[in-house]
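Add 7 to the 1-based position in the sequence shown for the numbering used here, that's all there is to it. As structure tokens, the structure follows; a few thoughts come after it.
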Amino acid sequence: MHGDSDKLVPVQYGELAHNAFTNSVYIVVPGGEHGFAPNEETAAVVDNFYQKREVYYVYALLHSQTNN
8 MHGDSDKLVP VQYGELAHNA FTNSVYIVVP GGEHGFAPNE ETAAVVDNFY
58 QKREVYYVYA LLHSQTNN
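Next comes the structure, spelled out in structure tokens:
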């Protein structure tokens, strides 16, 4: 996760880090700076990220139990 208004670490560096890892997710927070201060926009991005993962893990758990 990287803010596109980060003045300490350019947003391109976040993309480079993302590309260096397999199975990573790269999220750019519009207007986000370095070290995200709690606000509605950042909270919404983080919430959306975790909701998608929860659905995947529940599906994977249920699917693995039906195959055993």
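Here a beta-carbon is modelled for each residue, glycine too, at the ideal position from N, C-alpha and C.
Cutoff 6 Å; reference residue i; Cβ partners in own chain excluding five residues on either side
i	result
HIS9	VAL18, GLY21, VAL35
ASP13	GLU40, HIS41
Proximal residues to residue i (C-beta, below 8 Å), its chain only, five neighbours per side dropped
i	result
PHE28	none
ASP11	VAL18, VAL35, VAL36, PRO37, GLY38, GLY39
Alpha carbon of residue i to alpha carbon of residue j, nearest angstrom
i	j	result
GLU61	TYR33	17 Å
PRO37	TYR64	28 Å
LEU15	LEU23	15 Å
ASN46	LYS59	20 Å
SER31	SER71	23 Å
Under the three-state DSSP convention, the category residue i falls into
i	result
HIS41	coil
VAL36	strand
Short CB-CB distance (under 9 Å) between residue i and chain B
i	result
GLY10	Annotation note: the requested chain B is absent from the structure, which comprises a single protein chain.
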